[in-house]
Structure formats: structure tokens, C-alpha cells
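K.L.:
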Amino acid sequence: DAGITQSPRYKITETGRQVTLMCHQTWSHSYMFWYRQDLGHGLRLIYYSAAADITDKGEVSDGYVVSRSKTENFPLTLESATRSQTSVYFCASSEGEWSNTEAFFGQGTRLTVV
Amino acid sequence: DQQVKQNSPSLSVQEGRISILNCDYTNSMFDYFLWYKKYPAEGPTFLISISSIKDKNEDGRFTVFLNKSAKHLSLHIVPSQPGDSAVYFCAASNKNAGNMLTFGGGTRLMVKP
Numbered sequence: 001d002a003g004i005t006q007s008p009r010y011k012i013t014e015t016g017r018q019v020t021l022m023c024h025q026t027w028s029h030s031y032m033f034w035y036r037q038d039l040g041h042g043l044r045l046i047y048y049s050a051a052a053d054i055t056d057k058g059e060v061s062d063g064y065v066v067s068r069s070k071t072e073n074f075p076l077t078l079e080s081a082t083r084s085q086t087s088v089y090f091c092a093s094s095e096g097e098w099s100n101t102e103a104f105f106g107q108g109t110r111l112t113v114v
Numbered sequence: 001d002q003q004v005k006q007n008s009p010s011l012s013v014q015e016g017r018i019s020i021l022n023c024d025y026t027n028s029m030f031d032y033f034l035w036y037k038k039y040p041a042e043g044p045t046f047l048i049s050i051s052s053i054k055d056k057n058e059d060g061r062f063t064v065f066l067n068k069s070a071k072h073l074s075l076h077i078v079p080s081q082p083g084d085s086a087v088y089f090c091a092a093s094n095k096n097a098g099n100m101l102t103f104g105g106g107t108r109l110m111v112k113p
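Just so you know, the sequences run in chain order A and B.
End of the first sequence = 114 in the working numbering, gap-free, step of one.
End of the second sequence = 113 in the working numbering, gap-free, step of one.
1. For the beta strand (DSSP E) that contains Lys38/B, what are its first and last residues?
2. Is there at least one Cβ from chain A nearer than 9 angstroms to Ala41/B's Cβ?
3. Just tell me which of Met110/B, Gln6/B, Lys5/B and Gly16/B has its CA closest to the CA of Arg61/B.
4. In chain order, what residues of the stretch 79-91 of chain B put their CB closer than 7 angstroms to some CB of chain A?
5. Between which two residues does the beta strand (DSSP E) containing Arg36/A stretch?
6. For Asp87/A and Thr109/A, what's the separation of their Cα atoms in angstroms?
7. For Gln85/A, which of helix, strand or coil comes out of DSSP?
8. Give the DSSP bridge partners of Met22/A, in chain order.
9. Cβ of Phe105/A versus every heavy atom of the ligand ADP: is any distance shorter than 8 angstroms?
What follows is the structure, given as C-alpha cells:
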């Protein structure tokens, strides 16, 4: 399917477990992003990537790890999940560095840490 | 400290009337502003944008106004329709700092038939 897809859509995990959220885009966009949405905070940037093998921290990166070995994939890993990481996670992608353009979002992953 | 703020968490308007959603920002380096619409259980979708060199951009029923001196932008929806009921996020970016979007907290718009 064309576009940007996230998996799983829903995930329940226990405190202390490692969990990986997957993101895949078919446009070959250079930039990819992970955001989390929490009530009252809107969407906050966790990590972003300007290209394969280039990643950088966003506003709320503690407790998260990303990798980008291929342009189309940008997995997000919670190394040891905590209840405060219960949230809805959105992956997004956008075109090259010098273009002011919109980002395209996936449908989101609702993660619950119990 | 939030760089992009939407001070109204919710807004209710009658069908056919104008909806005005507001957004304020503090970072003068932002050079591109966007509005996204989000329905429940879906990802945000792009609605309309404006470059910092403009003060108005129109697309059908949607118009975005930018007042750089006040660091304020607004989204006007005319006429409002029940299908416009959603959460609207204001976002800003600075192309010299990567294509990262900084979002406001969102405004829930309810359009009553």
C-alpha cells in the first residue's frame, strides 16, 4: 500500500518491557519523525531523521531509541517501558531539507503501559 | 516552554457560520506555518499552510491569516460544516533547523447542525 503505515495499531505492554513500534513509508521521503500525542500537550517530537543513518533527538527523547538503516523504515523502541509512556504515537514523513512542505502522518499506535 | 500555543481547547459553532481558530507562537525563526485536522483514531492530515513572506492563504472554505508582528495566525472556515468537527492543530517549522514541526496543543471544533 502506498503511503505511511504504522504497526501495531494497538499495543498493551508491561512496565519494564522493551517494545518496538514500526513505521514504513513508500514515498522515499528523506525526513521521518516520531511524535507522541498527549492530552494538553498536542504532538511532541520524540526523534527525527534527515536520511538513512542520520537521526537526532527531539523534545521528549528520554527512554526512546530509533534507528534508520533504510530510507523507508523508522522503528521506535522503548527500551524499558514506563507508565508515563502510555500515549498515542505518530510517525510522519516529509520531503527534502530545503522545501517547506507538509508532513504526512500514519494512523498512529495507541500504546498502553500497565 | 511551548513555542506554539492554541489557547482555546474547544470551540463550538453553528453550521453555516464562520469558525475562527487561533494560534500564537514565540519563536521568530519560524518561517512556515501549517494547520492539520485530526479525526478520532486517525493520523493528522494536512489542511493548509502559509509561508512567513505572506499574510494570507486561501483554499476553498479555508483561509489562514498570518500576523508576523503579533506572532499570531488564525484559521477561518467559512461556511462551517458538521464534517469539519475535529481537532485542529497549528504547527510551525524553520527550514534551517530541519523539517521538524512544532505543534500547538490543538483546538477541538464542534460544528452543530
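Heads up, the beta-carbon is just placed ideally off N, CA and C, and yes, glycines get one too.
P.N.:
Let's see:
1. Walking along the second sequence from the start, residue 38/B turns up at place 38. Start and end: Tyr32 to Lys38.
2. Residue numbering aside, residue 41/B sits at position 41 when the second sequence is read from its first letter. Yes, contact with chain A.
3. Working through the second sequence from its first residue, we reach residue 61/B at position 61. The candidate whose alpha carbon is nearest that of Arg61/B is Gly16/B.
4. Phe89
5. Residue numbering aside, residue 36/A sits at position 36 when the first sequence is read from its first letter. Segment Tyr31 to Asp38, the beta strand (DSSP E) holding Arg36/A.
6. Here residue 87/A refers to the residue found at position 87 of the first sequence. Here residue 109/A refers to the residue found at position 109 of the first sequence. The question names Asp, but residue 87/A in the sequence shown is Ser. Cα-Cα distance, rounded: 8 angstroms.
7. Working through the first sequence from its first residue, we reach residue 85/A at position 85. Helix at Gln85/A.
8. Position 22 of the first sequence, counted from the start, is the residue given in the question as residue 22/A. In the DSSP output, where bridge partners are listed per residue, Met22/A has Ser7/A.
9. What this structure holds is no ligand at all, so the ligand ADP is not there to describe.
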